[in-house]
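Q:
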């Protein structure tokens, strides 16, 4: 079974669409080509010239490049209405409809595509999917056999064929196809194959065999969410309701940070739908999308999007696919489409809570900050035993410099922790940062120390605490050791390298400061703070012209507003007591200082 993912990946890549057309889109209506829009009308009432074919095509390409697949598909649909018989344009429209998730309307064009490209992988696959949706499994099988010999479908074809045979009640043939892909016994990778076999046993009415396979699958993969859900659903259908709920409860407790099982475990939870070729093939398509999305050799995330869209076309409640579609749209900076995809995840899904949290975070990206805060406050109140909504709220408030409110949100999260462990270091670190920003250093220092107690080798905590001590003239030797350790752990991190350089600056060791700050600018040359620091260090070692050059650079790198007049003063007047940080020797000598 370890080889199966590679077979799936190669099969998916062989479906790759032509690079000259690229590919990209999002959801929309499932109809045929839209009629040409009415010619636009000028405000004076005079009709403007209709958009040309070339104009539509170029507009579609722009939409494609921006990953606005809906807009691209709309424009290409209207281009096709102008020249409906052009085979290249037909293929371009087919392709864009797929990226947009308009699978039904893509299927309407698939026969025309196949008339000129009979072996096209995606056109045949779309036709097969439409046949599956109609329960015409023989037609789907025939469609798959028409895929060109150059496209070896590998494991994809074997699994799909097993489901198609099961749909036609030829269970012996279905099991024969599964046997060809049987993974090594006892490995975790065997669990998904066991789930498929159990579901086909269910369809065949062999309840005992199905139950045995479900139990075997969960024994091999207790940490897999999809395995857990599939097994629990299967056991519920087989009348083992109490056992199924216990499996869900155990998993939900173990992974409470990421899933909420209430919708599946509640007294009113609906009975899971029986297995079917449509739902089974949807799972396979989702797996291929996941392999494509995670493989570093795949430079085209749009291919993963296609397979996720195909999965939801067969199984509209494939919540894992919707979550991944949302993630891709977020990556493409198509935030409204990401939010729409998250909205397809229903209340009974274990991903529903995660989807709501993510929606709130995306609202903030869309300048709907107050709406995001309101959503998160509601989630914080809804489940008083969870910390994730409070943490998301705290991080969001911190990002907008609303530090006092962020402290309160962190307080809420920490009050719900119980006994903190290593993974909770980030919570104390986050609160320490906002406490420092609200000028409450003693509490901030305590939180930083707590973060290091939980996870002693965290470079960003070492950096923050070590630098803060040196900047205040406290614990100079220990602070410098922390900074040196941070740079050992993250030698290429410009921000940490800058901290070391600036620490030497504050200690009055300007030559060493120059050495470290020059290295920091090489690592992160577009950072205004680092550039500003280097200018200060140059000034102190007599490199005045270079200092002003660095300050000029810093001014053009969008510094914080409160830093702009200080940098301008340095450019005009050089360093002086009003704009230069003094060394910390005198403060350090005060033994009453401490932390």
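In our numbering, the protein residues as written are 215 to 809. Where a beta carbon is used, it is the ideal one built from N, C-alpha and C, also for glycine.
(1) Please go through the same chain and pick out, in chain order, the residues whose beta-carbon is closer than 6 angstroms to the beta-carbon of residue 521, but skip the five residues on each side of it.
(2) What do you get for residue 489, buried or exposed, if any count of 16 or more other CB atoms within 10 angstroms of its CB means buried?
(3) Below 7 angstroms CB to CB, which residues in the same chain sit around residue 708 once its five sequence neighbours on both sides are set aside?
(4) Rounding to the nearest angstrom, what Cα-Cα distance links residue 295 and residue 301 in this structure?
(5) At which residue ranges does the segment 423–506 contain complete alpha helix (DSSP H) runs of 4 or more residues, listed in the order of the chain?
(6) Over the uninterrupted alpha helix (DSSP H) stretch that includes residue 546, give me the two end residues.
(7) Use the C-beta contact count for residue 468: other C-beta atoms within 10 angstroms, 16 or more gives buried, fewer gives exposed.
(8) Quick check on the DSSP output: the alpha helix (DSSP H) that includes residue 761 runs from which residue to which?
(9) Compare the beta carbon distance of residue 385 and residue 375 with 8 angstroms and say whether it is the shorter of the two.
(10) Is it true that the CB of residue 373 sits closer than 8 angstroms to the CB of residue 395?
(11) Does the Cβ of residue 564 have 16 or more other Cβ atoms within 10 Å, making it buried, or fewer, making it exposed?
(12) With residue 441 and residue 406 assumed to form a contact (beta carbons below 8 angstroms), what rounded beta-carbon distance in angstroms separates them?
(13) Following the continuous alpha helix (DSSP H) through residue 401, name the residue where it begins and the one where it ends.
(14) Is residue 477 near residue 566, with beta carbons less than 8 angstroms apart?
(15) For the segment 403–419 against the segment 429–449, do three or more pairs of beta-carbon atoms, one drawn from each stretch, fall closer than 8 angstroms, so that the two count as touching?
(16) Just the Cα atoms here: how many angstroms apart are residue 387 and residue 378?
(17) Taking 8 angstroms as the cut-off, decide whether the C-beta atoms of residue 590 and residue 606 are in contact.
(18) Please report how far the alpha carbon of residue 549 lies from the alpha carbon of residue 795, in whole angstroms.
(19) With DSSP run on the structure shown, which of helix, strand or coil describes residue 797?
(20) According to DSSP, is residue 606 helix, strand or coil?
(21) Thinking C-alpha only, which one of 508, 635, 693 and 687 is nearest residue 675?
(22) Taking C-alpha atoms, which residue in 634, 639, 654 and 272 lies nearest to residue 618?
(23) Can you list, in chain order, the residues of its chain whose CB lies under 6 angstroms from that of residue 312, leaving out five sequence neighbours each side?
(24) For the alpha helix (DSSP H) holding residue 647, just list the boundary residues, first then last.
A: Per the coordinate set shown:
(1) 499, 502 and 503, listed in sequence order.
(2) Counting Cβ neighbours within 10 Å, residue 489 comes out buried, since at least 16 surround it.
(3) Non-local C-beta neighbours of residue 708 in its own chain, meaning closer than 7 angstroms and more than five positions away in sequence, comprise 734, 737, 738, 741 and 744, ordered along the chain.
(4) The alpha-carbon atoms of residue 295 and residue 301 are separated by roughly 13 angstroms.
(5) Listed in chain order, they are 439–451, 455–468 and 476–479.
(6) Bounds of any alpha helix (DSSP H) do not take in residue 546, whose DSSP letter is neither H nor E.
(7) Sixteen is the threshold: since fewer than 16 other Cβ atoms of the shown chains lie within 10 Å of the Cβ of residue 468, the residue is exposed.
(8) Unbroken alpha helix (DSSP H) run through residue 761: 758–769.
(9) Between residue 385 and residue 375, the C-beta spacing is not below 8 angstroms.
(10) In contact: residue 395 and residue 373 (Cβ atoms closer than 8 angstroms).
(11) It counts as buried.
(12) Right, the Cβ-Cβ distance comes to about 7 angstroms (below 8 angstroms), so this counts as a contact.
(13) Run containing residue 401: none; DSSP gives neither H nor E here.
(14) Yes. Within cutoff.
(15) With the cut-off at 8 angstroms, the segment 403–419 and the segment 429–449 touch.
(16) Their backbone Cα atoms lie some 10 angstroms apart in a straight line.
(17) Going by beta carbons, residue 590 and residue 606 fall inside the 8 angstroms limit.
(18) Distance between the alpha carbons of residue 549 and residue 795 is about 42 angstroms.
(19) In the structure shown, residue 797 falls within a coil segment according to DSSP collapsed to helix, strand and coil.
(20) For residue 606, the secondary structure class from DSSP, reduced to helix, strand or coil, is helix.
(21) Selected option, being the one with the closest Cα: 693.
(22) Ranking the options by Cα distance to residue 618, first place goes to 654.
(23) Excluding positions up to five away in sequence, the list reads 320 and 520.
(24) DSSP places residue 647 in the uninterrupted alpha helix (DSSP H) bounded by 639–651.
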